[in-house]
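Below is one structure, written out as structure tokens, with a few remarks after it.
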Amino acid sequence: ARELAKWQLSILLVEKEEDVAMHASSRNDGMIHPGIEPKIGSKKAIFNVKGNEMYTRVARELDVKLIRCGSSVLFDSPLLKLVKPVLDIRANKMGVKGISLLSREEALQKEPNIGVPIAGAVHFATTGIISPYKMTVAYAENAVQNGAEVSLNTVVLSMTKEHGRITSVKTNRGTVYPKVVINAAGTFADIIADMAGDQFFSIHPRKGEILFLDKKKGELINGVIGKPSLTQTKSNTKGGGVVKTVDGNVLVGPDAYEQPFREDFSTNMNNIEAIMQKHLPLIRGFSPADVIAYCAGIRACTYEEDFIIERSEYVDNLVYAAGIQSPGLASAPAIAAEIERITCKVLSEVMDVKPKQNWNPIRKGIPELSSMDFESRSKIIKENPHYGEIVCRCEGISKGEIIAAIHSPIPVTSVDAIKRRVRAGMGRCQGGFCLPTVMTIINEETGIPMTSITKKGNDSNIVVAETKQNPTTGGEGVE
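Going left to right, the sequence shown walks through residues -18 to 460 as the numbering used here numbers them.
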């Protein structure tokens, strides 16, 4: 939507959830892969390398923190040094830069707290990390700032076709009459394709679980670390690892396994323990007691294990951005640019597509009090005293940041929507301290009753009634 907002078009982003970035676009480790892993010549390989390079510009334009921390793949046998020439040949074919072989001493210099015996490491300098949910929000906000519209809580129910073109899309909130439809529906992309009479692929959900460690442990690691297992037989996962995020805490995992359900985000204790046993020993000082939360995400995999970035062969005005799994995050800017190109070509067959003269790629993010120096903090607090009132003590998030999030370009009405924008509730206590205050601020700024404020939309209400009020009748007294 953000790339298409460069043109004089009416753009509607239909989102079935109450906010953007609620599923695969946020339930990942935030790693910008260097692009060495995908099959040579695949769309994954092409878009990964292009997307990685584009992130430097995109992050700057959208005011989202990007750190080129590099990644180190550890090995414990000197014989694995023989892999380097093979990697160089592969990298040259794929356009991947910045690969180097580190001795044991060089690897320990980069990561002094490695906790397992190693003979060396392969280092990928172009690996980066971002906050995936903040980047997704930034893309959507900049699209809105440039005239696009976002319709939240909107579910596509059916489509009507005439003469090989989609003429209408029925949703739970009304009917849309599009000139072009872009199918970027994640794990539901094949269902949307079927509505259009064009299901040539199937999505098979693949779950992955990730652990979150206490922010205090972030000082023990500098970048991204992984150690492949010679006994690993799965080809559909890179094996997971340990990632220091842009916010300073640590992510561990993910794993990967097939499941039949498209939105089953439950976690399994056996899998959590397996991730801990595999990855926590990589860094000296990590322990299970450091885990403060965990979650699961669902990859939208096709049986071909590649992206579908193309125009439909049978529906003239249908464009696909489907089958997006890892390295989807790293590939996102390049995928967006290609979808823009394809869509403009489709539209040019039925209308004039003209550039927008006032398109502005620059989006300013919410000021982060915790990352400011003393002088900058003093200045912003003087200008807006709300920034001097700390609400989330774990993350150091102020009332001013929360208010700014509520009034950002995309409506924010839930506790988790606040969390995705400013991290209130993401610390050690997971909102145990700040939750009531965050709810109060939402109530004060939007007028939404406390009993209607949700954690993440739908039926996730946090409180059901005022104190001493009967939740069933609304009258006084609880029986």
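Ideal Cβ placement from N, Cα and C applies to all residues, glycine included.
In the pairwise beta carbon analysis, the stretch 413 to 421 is classified as touching the stretch 367 to 384: at least three pairs are separated by under 8 Å. Phenylalanine 105 is a Cβ neighbour of isoleucine 17, given a cutoff of 9 Å.
For proline 390, the three-state secondary structure derived from DSSP is coil. If you draw a straight line from the Cα of threonine 141 to the Cα of asparagine 29, it comes to about 35 Å. In the DSSP assignment, alanine 302 falls outside any alpha helix (DSSP H) and within the unbroken beta strand (DSSP E) covering 299 to 303.
Glutamine 240 and arginine 71 have their C-alpha atoms spaced approximately 32 Å apart.
DSSP places threonine 324 within a helical segment (H, G or I) once states are collapsed to three. With a threshold of 16 other beta carbon atoms within 10 Å, lysine 345 falls short and is exposed. By the criterion of a C-beta distance shorter than 7 Å, asparagine 203 is surrounded in its chain by Cys50, Lys91, Glu92 and Lys225, once the five residues flanking it on both sides are discounted. Boundaries of the alpha helix (DSSP H) around isoleucine 361: 355 to 364. The beta strand (DSSP E) runs of length 3 or more contained entirely in the stretch 243 to 327 are, from start to end of the chain, 272 to 283, 289 to 292 and 299 to 303. Here the stretch -4 to 8 makes no contact with the stretch 292 to 302; the two share fewer than three CB pairs at distances below 8 Å. Secondary structure of proline 417 (DSSP, three-state): helix. A straight line joining the alpha-carbon of valine 97 with that of aspartate 57 spans about 9 Å. For glutamate 86, the three-state secondary structure derived from DSSP is helix. For the alpha helix (DSSP H) assignment, the uninterrupted runs of no fewer than 4 residues enclosed by the stretch 37 to 117 are, from N- to C-terminal side, 64 to 75 and 85 to 91. Residue pairing for histidine 185: DSSP places it in a beta bridge opposite Cys282. Histidine 388 is not a Cβ neighbour of serine 379, given a cutoff of 9 Å.
Excluding sequence positions up to five before and after alanine 124, its CB lies within less than 6 Å of the CB of Ala(-18), Arg(-17) and Ala(-14), all in the same chain and listed in chain order. The C-beta distance from threonine 248 to cysteine 276 rounds to 7 Å, short enough to meet the 8 Å contact threshold. Around glutamate 382, the same chain offers Ile347 and Val403 as residues with beta carbons nearer than 6 Å, after the five sequence neighbours per side are excluded. Contact check for alanine 119 and valine 45: beta-carbon distance about 5 Å, within the 8 Å limit, so the pair qualifies.
The beta carbons of leucine 61 and glycine 101 sit closer together than 9 Å.
Of Val103, Ala317 and Pro19, the smallest CA-CA separation from serine 53 is found for Val103.
Around the beta carbon of valine 327, 16 or more other beta carbons lie within 10 angstroms, which makes this residue buried. Between the stretch 30 to 44 and the stretch 308 to 316, the count of Cβ pairs shorter than 8 Å is three or higher; the stretches touch. Taken in chain order, the complete beta strand (DSSP E) segments of 3 or more residues contained in the stretch 121 to 162 are 130 to 132, 137 to 143, 146 to 152 and 155 to 157. Under DSSP, glycine 222 shares a beta bridge with Gly234. For the pair glycine 109 and threonine 37, the Cα-to-Cα distance works out to about 10 Å.
In the three-state DSSP reduction, methionine 35 falls in the helix class (H, G or I). Assignment of beta-bridge partners to valine 1 by DSSP yields no partner.
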